[in-house]
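**Q** Chains as they are written, first to last, in the numbering used here: chain C, 1373 to 1767; chain S, 120 to 596.
Here a beta-carbon is modelled for each residue, glycine too, at the ideal position from N, C-alpha and C.
Bear in mind that the values here come from a model prediction, so they are computed numbers and not experimental data.
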Amino acid sequence: MTQEDVVSGTMLEPKYKKMVIEDDAETETYRCVRCGFCRFACPIFDATQVDSYNCRGRIMLERALIEGGFPIDDYAMEILYTCTLCKKCEEHCPAKIKVTDVMDSVRVYLADNDYTLSEHRSIADNILEKGNTHGQDYPVVFNEVFGEIKATLPKESSTLYYAGCVGTIDYPDNSLAGVKLLKEAGEDFTMLDAEDCCAGFLNWLGFKPYFEKAAKKNIELFKSQGIETIITACPMCASVFNEDYKAISEDAPKAYHISEVLTRLIDEGKIKLTKPLEGKVTFKDPCHLGRYALKYDAPRKIIESIPGVEFVELPETKGDARCCGGPIRVPYTELRNDLSDEIVKDAAKLGVQYILTTCPTCHHSIGMRAYRERIRVLELPRLVAYSAGIVDSYR
Amino acid sequence: MEKHLLNWDGVIIPKLKKIAGEDNVLNHAIDLYIYSRDASIDVGMPAAVAFVNTTEEVADIVKLANEEGFSIIPRGAGSNVSGGVIPAKPDCLILVLARMNKVVDFDVENFLITVEPGIVCLDLNTYLEPYGFYFPPDPASDKTATIGGMINNNSGGIRALKYGVTEEWIMGLEVVLADGNVINIGNKAIKFVCGYDLVSLFVGSEGTLGIITKAMLKIQPLPAVRLVASGYFNSAFEAGKCVREIIKRGFDPSGTEILDYKTLKAVEEYSGTLKFPECGAVVLVELDGNRDDVEMRLDKLEVLFKEMGAIKSETARDLETCTQVWAARKAAFPALTLRRPTARMEDVSVPLKNLPAMFQEIDRVSEKNGIEIATFGHAGDGNLHPILLWDERDPDEHRRALQTLVDLWHAAIELEGTVTGEHGIGVSKLMMMPVEHQPKVLELKKKIKDAFDPKNILCPGHIIPIPGQRINILEDA
Ligand SMILES: Cc1cc2nc3c(=O)[nH]c(=O)nc-3n(C[C@H](O)[C@H](O)[C@H](O)COP(=O)(O)OP(=O)(O)OC[C@H]3O[C@@H](n4cnc5c(N)ncnc54)[C@H](O)[C@@H]3O)c2cc1C
Ligand code: SF4
Ligand code: SF4
């Protein structure tokens, strides 16, 4: 392409099929002033140091595709799908560009027009056919983890503990600890016979019609069981229920992340933390609990309640917290590792023994890298259950 | 712009990769497009993008440019608003220095720090803060602006009124010249008049004279406090007069900012929480130093605001309130960008006496062309940022917006000012060079460029046009 391809000053000569996205999203791409402030924020830019992978580059590319200036080739797909939707750029963008809304709209266009990655199609198939992202026999796994405890819970309640597929499959002890804590504290809640994935990934990858189908199925199920409130240990699920399900139906239950509930139970004295965790710890704010839901205090209050803990903040924390890269781990595993490595590096400089988090995806991504620095990643529910004497081990 | 003429794929790219490393040279069309723009409205396609990590790599690439005949545009973060990193001809390489971002030497006894050019202004200040120091030039873009970019645009900020612009804080430079030779200029001694001041010549040269690979910077101890006062006036005209009086009476402010009515309204909408009195403009004044002295000056300032006809005035004496006041100023540009799809920040600067008249001119050209303009700026040094708002997708509105720019520039020159106080010429404002400067002055500037870069390798068509270059922005519209 040469500058001859630029028409009317700043617009590109349409040479390829124009990408069509929602009007509001399109206007956002024009509102970007290309200041580059997002260089300060975007974790993918931080890892690559190439502006094309920065928020500014993505918005410029999106605009160019709207103008029909480029074909959607493999590289364009990579740029558009390496955004983790972490929202950190939105904290720093002076023009308040709704970067993730634009990305959502772009990905819907891509998926609708068959621009998809085979790895993403596999995840979609897993969710649609097997009810979980990993493609496992989820009802079996779910029952292995929760079968016993479920038998002790009321069959009916307006409050549901929703475990979430990533947590249940990857960190069953943590998911189970959440249930045990609520039970010990005397909370009135139930669990489903079998769960289906919240389907958030379908939404993030642009498979909107499939997402809506899966979401409606879940909403119907919740409704039929009289569920008004959901408690979940996965901040991604919570965000999907509160934002995306609510956008589909007013009937969607209100979701709470378990850290919010645990803080209340600790405050009310229903959970007493007595066993200490000796050591220095830090906390990694999950993007979906932090920037998406603005819940920064709850996990910190919990950590402060655990005896023995010496808590230090990461240099980039709360609204400025780094993203672990989890949402792009398939297929961009190396990039995900780069992102998690930065968090581990920051934690190592603080001299901590533990990185605490409260998201199975953060747990997985950072955990895969932290062992090299002899740092352990722990999720709060299991740690709290340990400190409360409900489970024997936190690791 | 015509197509590139040199053999990039077969010859230049492989050689660049040999110097900078396989992964550090890009030429996919998408990358070229992303690096074809900065925060200006201009665009120009490079032939390749290279990322460098050492002075030697820079020197080798410049030597290669001499052998192969391509041009080089040094780039920091690409946040300039004057088309400073936009190719004006084919066969340009964008040379990204942002990865050279280390602190090389911290000579705290001499209040000096030597850094690579890619270090970001805010990161530098974060580094200095625990030692009780800071680097005073404070562009609003400090989150992204690199020191190399700041030096080459001679950037300023709110506190330029008291602490000056970047120029005043540069003690020495390592520069790769256009022939690939590396020189070191400047001195650690504060007083230094040993022949022509080459350091000052490179500052503000917009990458046209040499590539900066290291910079020795002066630093300043952090003041004990910084407090703020705001005075609300019926018109920007009256506010402008008050600013002059504040300076005349020796208040020694570190910054005096003006926000006009439209900007304030936009900030109110943007924040959702801030509420300003009905007024034509507000003057924000920052005073720094030790607390007793600053408090005393604040008291007197309140009296002066009244004397100058302020409808209302407020002082912020604690950090939290001060931060809130500055948050309003910082929100000015963002708030305005929400109003229309295209927002362009202008940079006219006039002598203080003519500041009120400049506000009137802004209203006039806005009305004449039917383009909305909201204005704020560093009133204390006469540097205003009128923000033009339009939709570049509408060809007629786009043409009128460009006409408004040109009218604004002429108005500033008529008022004995300049088209750019701190953003530079780049390729965006070339057409105004012959209006602002006498022919002899332009000739001298060209001779300086020729002396440093006879083959016109560095940023050709920036500051000084090349033959055949389209510089009239109205022609394209
Ligand atoms: C929202 C916004 C607010 C801004 N606020 C201000 C402000 O308050 N004050 C102000 O002065 N400016 C401001 N700017 C303009 C801009 O941010 C500054 O000019 C900044 O210093 C540019 O730094 P950069 O690293 O982005 O440089 P770039 O844009 O990459 O480059 C700027 C110029 O420097 C040259 N250059 C860069 N590095 C080198 C090097 N190592 N050697 C030789 N040449 C080099 C380039 O060729 C170019 O000519 C603002 C811009 C935006 C978008
Ligand atoms: S910070 Fe916002 S306006 Fe600036 S380049 Fe990034 S997305 Fe665009
Ligand atoms: S959402 Fe996160 S990954 Fe995506 S552009 Fe913004 S900062 Fe980068």
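Run through DSSP, which three-state label would Val469 of chain S get?
**A** Three-state DSSP puts Val469 of chain S in coil, outside helix and strand.
**Q** Taking 7 Å as the cut-off, is the beta-carbon of Asp157 of chain S closer than that to any non-hydrogen atom of ligand 1?
**A** Yes, ligand 1 has a heavy atom inside 7 Å of this Cβ.
**Q** If I measure Cβ to Cβ from Asn306 of chain S and keep anything under 8 Å in the same chain, skipping five residues before and after, which residues do I get?
**A** So the qualifying residues of the chain are Met290, Gly291 and Cys313.
**Q** Which class does Gly369 of chain S belong to by DSSP, given the choice of helix, strand or coil?
**A** Gly369 of chain S falls in the coil class under three-state DSSP.
**Q** Please classify Thr494 of chain S as buried or exposed, where buried requires at least 16 neighbouring CB atoms within 10 angstroms.
**A** Flag for Thr494 of chain S reads buried.
**Q** Under 6 Å Cβ to Cβ from Ser547 of chain S, same chain only, skipping five residues before and after it: list those, please.
**A** Around Ser547 of chain S: Ser159, Asp161, Ser201 and Gly202.
**Q** Find the residues of chain S that neighbour Cys1407 of chain C, judging by a C-beta separation of less than 8 Å, and give them in chain order.
**A** By Cβ distance, chain S contributes Ala158, Ser198, Ser260 and Thr263.
**Q** Ligand 1 and His542 of chain S: does the residue's C-beta get closer than 7 Å to at least one heavy atom of that ligand?
**A** Within the cutoff, so yes.
**Q** Tell me whether Phe1409 of chain C counts as near ligand 2, meaning its Cβ is closer than 7 Å to at least one heavy atom of that ligand.
**A** At least one heavy atom of ligand 2 is nearer than 7 Å to the Cβ of Phe1409 of chain C, so yes.
**Q** Of the choices S:Glu491, S:Gly276 and S:Tyr250, whose alpha-carbon is the least far from that of Gly374 of chain S?
**A** Ranking S:Glu491, S:Gly276 and S:Tyr250 by Cα distance to Gly374 of chain S puts S:Gly276 first.
**Q** Residues of the region 134–168 of chain S with a CB closer than 9 Å to any CB of chain C: list them in chain order, please.
**A** If the cut-off is 9 Å between Cβ atoms, the region 134–168 of chain S has Leu145, His147, Ala148, Ile149, Asp150, Leu151, Tyr152, Ile153, Tyr154, Ser155, Arg156, Asp157, Ala158, Ser159, Ile160, Asp161, Val162, Gly163, Met164 and Val168 near chain C.
**Q** Answer yes if the region 1531–1545 of chain C comes into contact with the region 1454–1472 of chain C, meaning at least three C-beta pairs across the two stretches below 8 Å, and no otherwise.
**A** In short, these stretches do not touch, since the Cβ pair count stays below three.
**Q** Could you tell me which whole alpha helix (DSSP H) segments of length 4 or greater appear in the region 1545–1620 of chain C?
**A** Complete alpha helix (DSSP H) runs here, min 4: 1572–1576, 1580–1596 and 1607–1611.
**Q** Report the three-state DSSP secondary structure of Arg156 of chain S (helix, strand or coil).
**A** Three-state DSSP puts Arg156 of chain S in coil, outside helix and strand.
**Q** Answer yes or no: the CB of His1464 of chain C versus the heavy atoms of ligand 2, is any distance below 7 Å?
**A** Flag set: Cβ of His1464 of chain C near ligand 2.
**Q** Quick one: give me the first and last residue of the alpha helix (DSSP H) that Cys240 of chain S is part of.
**A** It spans Cys240 to Leu247 - the alpha helix (DSSP H) in which Cys240 of chain S sits, taken as one unbroken run.
**Q** Going by CA-CA distance only, name the one from C:Arg1701, C:Tyr1766, C:Cys1404 and C:Ala1587 that's closest to Cys1734 of chain C.
**A** Here the closest residue by C-alpha is C:Arg1701.
**Q** Counting only C-beta atoms, is Leu457 of chain S closer than 8 Å to chain C at any point?
**A** Yes, Leu457 of chain S lies at the interface with chain C (some Cβ there is under 8 Å from its Cβ).
**Q** What span of residues does the beta strand (DSSP E) with Arg463 of chain S cover, start to end?
**A** Looking at the DSSP string, the run of the beta strand (DSSP E) that includes Arg463 of chain S is Thr461 to Met464.
**Q** Does ligand 1 have even one heavy atom less than 7 Å from the beta-carbon of Asn244 of chain S?
**A** False, no ligand heavy atom lies under 7 Å from that Cβ.
**Q** Here's a check: name, in chain order, each residue in its chain whose Cβ is nearer than 7 Å to the Cβ of Asn1498 of chain C, leaving out the five neighbours to either side.
**A** So the list reads Asn1504, Thr1505, His1506 and Gly1507, once near-sequence residues are dropped.
**Q** Please look up how many angstroms separate the CB atoms of Ala358 of chain S and Val402 of chain S, rounded, as I've assumed it's under 8 Å.
**A** Contact holds; Cβ gap of about 5 Å.
**Q** Could you tell me which chain C residues have their CB closer than 9 Å to the CB of Phe170 of chain S, listed as they occur along the chain?
**A** In chain order: Gln1421 and Val1422.
**Q** For Pro460 of chain S, decide whether its Cβ has a neighbour in chain C, counting only Cβ atoms nearer than 8 Å.
**A** Answer yes: the Cβ-Cβ gap between Pro460 of chain S and chain C drops below 8 Å somewhere.
**Q** Tell me, which residues are paired with Tyr351 of chain S by DSSP?
**A** Its beta-bridge partners are S:Val401 and S:Lys431.
**Q** Can you tell me whether Val200 of chain S sits near ligand 1, meaning its C-beta is under 7 Å from at least one heavy atom of the ligand?
**A** It does: the Cβ of Val200 of chain S is within 7 Å (strictly closer) of some heavy atom of ligand 1.
**Q** At a CB distance below 8 Å, what residues from the region 495–514 of chain S approach chain C? Give them in sequence order.
**A** Residues Asp510, Glu511, Arg512 and Pro514.
**Q** Quick one: give me the first and last residue of the beta strand (DSSP E) that Gly305 of chain S is part of.
**A** That run of the beta strand (DSSP E) goes Val301 to Gly305.
**Q** Given that Arg218 of chain S touches chain C, what residues does it touch there, using C-beta distances under 8 Å?
**A** What Arg218 of chain S touches in chain C: Gln1421.
**Q** Residues of the region 467–479 of chain S with a CB closer than 7 Å to any CB of chain C: list them in chain order, please.
**A** For the region 467–479 of chain S, which is checked against every Cβ of chain C, not one residue is closer than 7 Å.
**Q** Lys1460 of chain C to Val554 of chain S, Cα distance in whole Å?
**A** Looking at the two C-alpha atoms, the distance is approximately 44 Å.
**Q** Look at the alpha carbon of Ser354 of chain S and the alpha carbon of Pro475 of chain S, and state the distance between them as a whole number of angstroms.
**A** Rounded to the nearest angstrom, the two C-alpha atoms are 9 Å apart.
**Q** Per DSSP, Met335 of chain S forms a beta bridge with which residues?
**A** Paired residue(s): S:Thr233 and S:Gly291.
**Q** Flag Ile1451 of chain C as yes if its beta-carbon sits less than 8 Å from any beta-carbon of chain B, otherwise no.
**A** The structure shown contains no chain B; the protein chains it does contain are C and S.
**Q** Is it right to say Leu145 of chain S is buried, meaning 16 or more other beta carbons lie within 10 angstroms of its own, or is it exposed?
**A** By the 10 Å Cβ count, Leu145 of chain S comes out buried.
**Q** When you compare the CB of Thr1399 of chain C with every CB in chain S, is at least one pair closer than 8 Å?
**A** So yes, Thr1399 of chain C belongs to the interface.
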